[in-house]
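At position 133 of the sequence shown (counting the first as 1) the number is 622 in this note's numbering, and the numbers step up by one without a gap.
First up is the structure itself, then whatever we jot down about it.
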Amino acid sequence: MSRMKTSKISQWWIARRRSIRHRLQRLIFNKFTGLGRYCNCCQKTSRKFKPFGPLPRENAQCPNCDALERHRLSWLYLTQKTDFLDNRPKKMLHIAPMTQLTRLFQSQPHIDYLSADLEHPNAMVKMDITKIEYSDNVFDVIYCSHVLEHVDDDRKAMRELYRVLKPGGWAILQVPFPETTLHIEEPIEDELTFEDPTIISDEERLRHYGQVDHVRRYGSDYQDRLKDAGFIVKADEFVRELNSRTVQRLGLMLTEDIYLCRKQN
Ligand SMILES: [Zn+2]
Numbered sequence: 490m491s492r493m494k495t496s497k498i499s500q501w502w503i504a505r506r507r508s509i510r511h512r513l514q515r516l517i518f519n520k521f522t523g524l525g526r527y528c529n530c531c532q533k534t535s536r537k538f539k540p541f542g543p544l545p546r547e548n549a550q551c552p553n554c555d556a557l558e559r560h561r562l563s564w565l566y567l568t569q570k571t572d573f574l575d576n577r578p579k580k581m582l583h584i585a586p587m588t589q590l591t592r593l594f595q596s597q598p599h600i601d602y603l604s605a606d607l608e609h610p611n612a613m614v615k616m617d618i619t620k621i622e623y624s625d626n627v628f629d630v631i632y633c634s635h636v637l638e639h640v641d642d643d644r645k646a647m648r649e650l651y652r653v654l655k656p657g658g659w660a661i662l663q664v665p666f667p668e669t670t671l672h673i674e675e676p677i678e679d680e681l682t683f684e685d686p687t688i689i690s691d692e693e694r695l696r697h698y699g700q701v702d703h704v705r706r707y708g709s710d711y712q713d714r715l716k717d718a719g720f721i722v723k724a725d726e727f728v729r730e731l732n733s734r735t736v737q738r739l740g741l742m743l744t745e746d747i748y749l750c751r752k753q754n
């Protein structure tokens, strides 16, 4: 072997060793490397989840895929408590596809997937959910999480989601509550939904609704609004059926119910 060739191999080997050493160091000194937590959205373990939120919640966000508590709970619910993965063809509408769940939904061969949003560039179609440009009874499944609290006429949006759902179809319609992820500065008089169209400044919305782009704070009557739109609603306390080790390992919130909304067959 020529001296030049030997030198090239040795340079390659030095570079390779350096790269392996760097990767190992990154793994050892990464504060998230570990086994204590498990994200069912990306199927990776970590020592802990990242804090997340305006008043950061500990152990909230997966360091690998950015999934939050609600995404991990939704995916667990879809896989364990619904017919989502039964391999029968389903037409699905995903509103505001800003989460790790998009990849999971799209990768199911039996799911005819459509994502929609008014503004998000990743959405497949532009859609105003108070005026959905699809005919009645089109979708088998709708997933709409943390959207309705941003919509001025949420009752109209709920009626539209109901209209485009097929009879026998189901929707998961999640919103934040003070007992889950909303941090409300203003003391809450009662636990019913609060909205006031005169509250329009960022400062006031933050104080009353917990976020500058929210237009209301939902309360215990949330499911009544969904029922008014026609849905048969189950506020499923699924998370409280899980054992404490699963709840802790997946970093779930025990106060988060799943709102499973069906359309009569
Ligand atoms: Zn993850």
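C-beta: ideal position from N, C-alpha, C; glycine also.
If you measure from the beta carbon of residue i to each beta carbon in chain E, is any gap under 8 angstroms?
i, result
"residue 740", "The question asks about chain E, but that chain is absent: this structure has only one protein chain."
If you run the structure through DSSP and keep just helix, strand and coil, what is residue i?
i, result
"residue 663", "strand"
"residue 635", "coil"
"residue 687", "coil"
"residue 733", "helix"
"residue 603", "strand"
"residue 738", "helix"
"residue 547", "strand"
"residue 581", "strand"
"residue 536", "coil"
"residue 748", "strand"
"residue 715", "helix"
"residue 562", "helix"
"residue 527", "strand"
"residue 706", "strand"
Hey, would you say the C-beta of residue i is under 7 angstroms away from at least one heavy atom of ligand 3?
i, result
"residue 548", "Judged by which ligands are present, ligand 3 is missing from the structure shown, whose ligands are ligand 1."
With a threshold of 7 angstroms on Cβ separation, who are the neighbours of residue i within its own chain once the five nearest residues in sequence on each side are excluded?
i, result
"residue 554", "528, 530, 531, 589"
"residue 619", "640, 642, 645, 646, 649"
"residue 576", "599"
"residue 564", "529, 530, 590, 593"
"residue 595", "602"
"residue 543", "672"
"residue 702", "639"
Between the Cα of residue i and those of the options, spot the shortest distance and give me the residue it belongs to.
i, options, result
"residue 717", "707, 537, 647", "647"
"residue 627", "657, 607, 635, 690", "657"
"residue 679", "747, 652, 709", "709"
"residue 704", "712, 695, 711", "695"
"residue 633", "587, 706, 624, 601", "587"
"residue 711", "688, 727, 638", "638"
"residue 567", "544, 607, 631, 621", "631"
"residue 464", "733, 725, 734, 537", "Any answer about residue 464 is impossible in this case: the structure gives the chain only from 490 up to 754."
"residue 536", "738, 573, 667", "738"
"residue 652", "690, 582, 692, 610", "582"
"residue 613", "548, 591, 706", "591"
"residue 520", "498, 548, 502, 500", "548"
"residue 706", "691, 538, 609, 671", "671"
"residue 675", "746, 693, 685", "693"
"residue 622", "606, 539, 610", "606"
"residue 677", "616, 609, 667", "667"
"residue 571", "504, 522, 660, 538", "660"
Assuming residue i contacts residue j under a Cβ cut-off of 8 angstroms, what Cβ separation, rounded to an integer in Å, is found between them?
i, j, result
"residue 721", "residue 699", "Incorrect: roughly 29 angstroms between the Cβ atoms, too far for contact."
"residue 744", "residue 682", "Between residue 682 and residue 744 the Cβ distance is about 17 angstroms, and since that is not below 8 angstroms, they are no contact."
"residue 472", "residue 741", "Residue 472 lies beyond the residue range present for the chain, which begins at 490 and ends at 754; the question has no answer from this structure."
"residue 540", "residue 546", "6 angstroms"
"residue 697", "residue 688", "6 angstroms"
"residue 597", "residue 574", "7 angstroms"
Who are the near neighbours of residue i in its chain, counting only those whose CB is closer than 8 angstroms to its CB and skipping five residues on each side?
i, result
"residue 635", "559, 585, 663, 664, 665"
"residue 715", "647, 662, 722, 748, 750"
"residue 754", "656, 657"
"residue 736", "728, 743"
"residue 609", "585, 586, 587"
"residue 746", "724, 725, 726, 727, 728"
Going by beta carbon distance, what residues of the same chain come within less than 6 angstroms of residue i, once the five residues before and after it are set aside?
i, result
"residue 629", "579, 580, 655, 658"
"residue 534", "524, 527"
"residue 556", "528, 530, 589"
"residue 509", "none"
Residue list, Cβ distance to ligand 1 heavy atoms smaller than 5 angstroms: Residues with a Cβ closer than 5 angstroms to any heavy atom of ligand 1, in chain order: 528, 530, 531, 551, 553, 554, 556.
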